[in-house]
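Novice: Quick note on this note's numbering: the sequence shown kicks off at 1 and runs consecutively. Note that beta-carbon positions come from the ideal geometry of N, C-alpha and C, so glycine has one too. Predicted model only: the values in this text are computed from it and were never measured. Structure in structure tokens, see below.
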Amino acid sequence: MSNVLLGLTGSVAAVKAPELAAALLAKGHAVKAVATDAATYFFNPAALGCELVRDADEWPGERYERGDAVKHIELRKWADLFLIAPLDANTLAKLALGLCDNALTCVWRAWDPAKPVVLAPSMNTLMWENSFTRRHLRSIAADFGAGHIPGHLDQNQLVPVMNDRCKGLRVAAPVSKALACGDVGIGAMADVATIAGMV
Ligand SMILES: Cc1cc2nc3c(=O)[nH]c(=O)nc-3n(C[C@H](O)[C@H](O)[C@H](O)COP(=O)(O)O)c2cc1C
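Below, the structure is given as structure tokens:
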């Protein structure tokens, strides 16, 4: 079994964080979590059942002292696999662009490409359908060696192509349902069993 680092971002689907962590633990994985500040609005850290690293943990004291922990690098070294579920639109954009302004995106930016990652996007339908999503997924696909992808493919068509061609990357396609905001359409995070199975 593996050391799974669970990345949590500020999608309403982060309410499922305890369920997802439990599913991974039940499969025998060791689990640690890293959450954005927005993510922690959606779940009770005490219910997570594993260590949780927040941005505040990266900057614990008055001033850095030589020898202090660099949490995002420690997490990177510990983890065999990085799962980001839910992956919201904001962090998807940061992953695609290489921005690293919090612990979670620093792990991504410092990630060892020899280790696999699993992404589970979760966002409102119009966010998912926005052309930014397509551009950001295409950029990540290119980074993972997908090669030429025909320009006409939309985000829903891109996901299976990425899963087919990207070494070390799997994307759990968002599903269609009535979303928390009341809209109906594609954008909801894949179910917990699907994501845990993909890991
Ligand atoms: C109640 C609520 C629900 C949200 N749900 C989502 C969501 O499902 N997907 C998404 O992309 N953004 C969602 N957002 C917006 C993100 O939380 C926002 O973009 C935030 O800046 C993301 O920060 P992070 O990427 O650092 O976690 C939601 C915001 C609120 C207030």
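With hydrogens ignored, establish whether the beta-carbon of Asp-88 is closer than 6 Å to any heavy atom of ligand 1.
Specialist: For ligand 1, at least one heavy atom lies less than 6 Å from the Cβ of Asp-88.
Novice: Can you tell me whether Thr-40 sits near ligand 1, meaning its C-beta is under 6 Å from at least one heavy atom of the ligand?
Specialist: Not so, every heavy atom of ligand 1 lies at least 6 Å from the Cβ.
Novice: What do you reckon, is the C-beta of Val-12 under 6 Å from a heavy atom of ligand 1?
Specialist: The answer is yes for Val-12.
Novice: Classify Glu-51 as helix, strand or coil using the three-state DSSP reduction.
Specialist: The answer is strand: DSSP assigns Glu-51 an E or B state.
Novice: Could you spell out where the beta strand (DSSP E) holding Arg-138 opens and where it closes?
Specialist: Segment 131 to 143 is the alpha helix (DSSP H) holding Arg-138; no beta strand (DSSP E) there.
Novice: Flag Thr-105 as yes when its Cβ comes closer than 6 Å to any non-hydrogen atom of ligand 1, and as no otherwise.
Specialist: It does not: the Cβ of Thr-105 is nowhere closer than 6 Å to a heavy atom of ligand 1.
Novice: Applying the criterion that 16 or more other CB atoms from any shown protein chain within 10 Å of the CB defines a buried residue, is His-136 buried or exposed?
Specialist: So His-136 ends up on the buried side.
Novice: Under the assumption that Val-4 contacts Ala-79 (Cβ atoms under 8 Å), give the Cβ distance between them as a whole number of angstroms.
Specialist: That belief holds up - the Cβ atoms of Val-4 and Ala-79 are roughly 7 Å apart, short of 8 Å.
Novice: Could you give the distance in angstroms between the alpha-carbon of Gly-145 and the alpha-carbon of Val-171?
Specialist: C-alpha separation (whole angstroms): 14 Å.
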